[in-house]
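Asker: Under full-length UniProt numbering, the residue at position 154 of the sequence shown is numbered 154, and the numbers go up by one with no gaps.
Even glycine gets a Cβ: it sits at the ideal position worked out from N, Cα and C.
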Amino acid sequence: MVSPIDRNAGITEGTIAFRGGYTWYRRVGKCENGKFPLLVLHGGPGMGHEYLKSLDDLADEGREVIYYDQLGCGRSAMAAPNTFWDTLLWQEEIDVVRAALNLREVHILGQSWGGMLAMQYAIAQPRGVKSMVIASSPASMTLWESEAARLVGYLEPRHRRAMEIAAKTGEYSGPEYDEAVAEYYRRHVCMLEPHPEYVKESFQRPSRVYAVMQGPSEITVLGKLKNWDITGQLHTIEIPTLLTSGVMDEATPYIVKQIYDRIPNCEWELLMGTHLVHAECRETYNRLVERFLQRAECHITGGNHA
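1) State the Cα-Cα distance for the pair LEU242 and PRO45, rounded to the nearest angstrom.
2) Helix, strand or coil for ILE239? Go by DSSP, reduced to three states.
3) Among residues of its own chain, excluding the 5 on either side of PRO196, which ones have a beta-carbon nearer than 7 angstroms to its beta-carbon?
4) Distance, Cα to Cα, CYS281 vs ARG26?
5) DSSP state of MET163, grouped into three classes?
6) Assuming ILE134 and ILE259 make a contact with CB atoms under 8 angstroms, what is their CB distance in whole Å?
7) Identify the continuous beta strand (DSSP E) that holds ASP95 and give its terminal residues.
8) Taking all protein chains shown into account, decide if LYS224 is buried (16 or more other Cβ within 10 angstroms of its Cβ) or exposed.
9) Could you please give the first and the last residue of the uninterrupted beta strand (DSSP E) stretch that includes ILE259?
10) May I ask you to report which of helix, strand or coil DSSP gives TRP144?
11) Under 8 angstroms by Cβ, that's how I've got ALA162 and GLU145 pegged, so tell me the actual separation to the nearest angstrom.
12) Helix, strand or coil: how does DSSP classify ALA279 here?
13) Is VAL247 buried or exposed, if buried means 16 or more other CB atoms sit within 10 Å of its CB?
14) From what residue to what residue does the alpha helix (DSSP H) around TRP268 run?
15) Can you list, in chain order, the stretches of the alpha helix (DSSP H) that have 4 or more residues and sit fully within the stretch 5-45?
16) Here's the rule I'm using: 16 or more other beta-carbon atoms within 10 Å means buried, otherwise exposed. How should SER207 be labelled?
17) Can residue 319 and GLU269 be called in contact, C-beta distance under 8 angstroms?
18) Classify GLY74 as helix, strand or coil using the three-state DSSP reduction.
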């Protein structure tokens, strides 16, 4: 089922058969001193894993970090009709990846859409998940759209106008619209200039899955995720959970607080950054994640309402 294709300097890559296609994975480092591996779920849906490679640093702390490109994304690209894609597909894929890579006991980190997927997975009470890190994710896409509209309200009038015209006409393209979206992304998605190469790699690898599930941009949700909402189920998540987000994040503090208030054993770290705060505050971010994982492994969590 698993076919390794490369091994170099502690990195193993391979593919796993899944639903008529293949899920590509990358394993970095080895676990030491009784630590459990970290399984990373990327965002989108439709991005690849590359923009999260800053988490490789955790391997220097004796923790294996495992990435995979979700089916239809990145190196796991697959042509399929729109009806093929849904959240349950990618939820099932987590179990397939865990089984193929023998990840009986594991931590999970999900960023943006990956955090949404991680929470949906945790609600199902899977065995062997020691803890979960939810990075800049919403529990409700209705709230996500509402907060995006609020953030758009702070853009320059010409940018707001371009987005209003796009919404009215359904034409989400053109110089004015593209410029407005770029400014929104600069403020709320990634403030690093220039973008690190590993971030560029994900952004330059487009996927039709994003349009099917999300829509034309982060701001406008027209895809299958439009009515996705697990807010009312968050209280059933029992594992230790760390929330991370940025002060200027498109996953605004208000969005994240809805999760923090509902998951019983939960911590929240709010950092000075945007949606890609894991890259913007790389050293600080990785340090706080590793410390959280160690506490979870010792059955000690620092949540103020644990």
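Answerer: Taking the geometry as given:
1) The sequence position of residue 242 within the sequence shown is 242, counting from 1. The sequence position of residue 45 within the sequence shown is 45, counting from 1. Each residue's Cα considered, the two are about 21 angstroms apart.
2) Locating residue 239 in the sequence shown gives position 239, counting from the first residue. Coil at ILE239, not helix or strand.
3) Within the sequence shown, the letter at position 196 stands for residue 196. Contacts found: ALA279.
4) The count along the sequence shown starts at 1 and reaches residue 281 at position 281. The count along the sequence shown starts at 1 and reaches residue 26 at position 26. Those two C-alpha atoms are separated by around 23 angstroms.
5) Position 163 of the sequence shown, counted from the start, is the residue given in the question as residue 163. Judged by DSSP in its simplified three-state form, MET163 adopts helix.
6) Here residue 134 is taken as the residue at index 134 of the sequence shown, counted from 1. Here residue 259 is taken as the residue at index 259 of the sequence shown, counted from 1. Yes, ILE134 and ILE259 are in contact; Cβ-Cβ is about 7 angstroms, under 8 angstroms.
7) By 1-based counting over the sequence shown, the position of residue 95 is 95. In the DSSP assignment, ASP95 falls outside any beta strand (DSSP E) and lies within the alpha helix (DSSP H) extending over 87-100.
8) Taking the first residue of the sequence shown as 1, we reach residue 224 at position 224. Flag for LYS224 reads buried.
9) By one-based count along the sequence shown, residue 259 stands at place 259. No beta strand (DSSP E) contains ILE259, which is instead part of the alpha helix (DSSP H) from 253-260.
10) Translated into the one-based positions of the sequence shown, residue 144 becomes position 144. Correct three-state label for TRP144: helix.
11) Translated into positions along the sequence shown, residue 162 becomes position 162. Translated into positions along the sequence shown, residue 145 becomes position 145. Beta-carbon to beta-carbon, ALA162 and GLU145 are separated by about 18 angstroms, too far to satisfy the 8 angstroms threshold.
12) As a first step, residue 279 must be located in the sequence shown, where it is residue number 279. Reduced to three states, the DSSP call for ALA279 is helix.
13) Residue 247 sits at position 247 when you count from the first residue of the sequence shown. That one is exposed.
14) Against the sequence shown, residue 268 aligns to sequence position 268. Counting along the chain, TRP268 falls outside any alpha helix (DSSP H), though it belongs to the beta strand (DSSP E) covering 266-271.
15) Taken in chain order, the stretch 5-45 contains no complete alpha helix (DSSP H) segment of 4 residues or longer.
16) Walking along the sequence shown from the start, residue 207 turns up at place 207. The residue is buried, with at least 16 neighbouring Cβ atoms inside 10 Å.
17) As displayed, the chain neither begins before 1 nor continues past 306, which places residue 319 out of reach and without an answer.
18) Counted from its first residue, the sequence shown places residue 74 at position 74. GLY74: helix per DSSP, three-state reduction.
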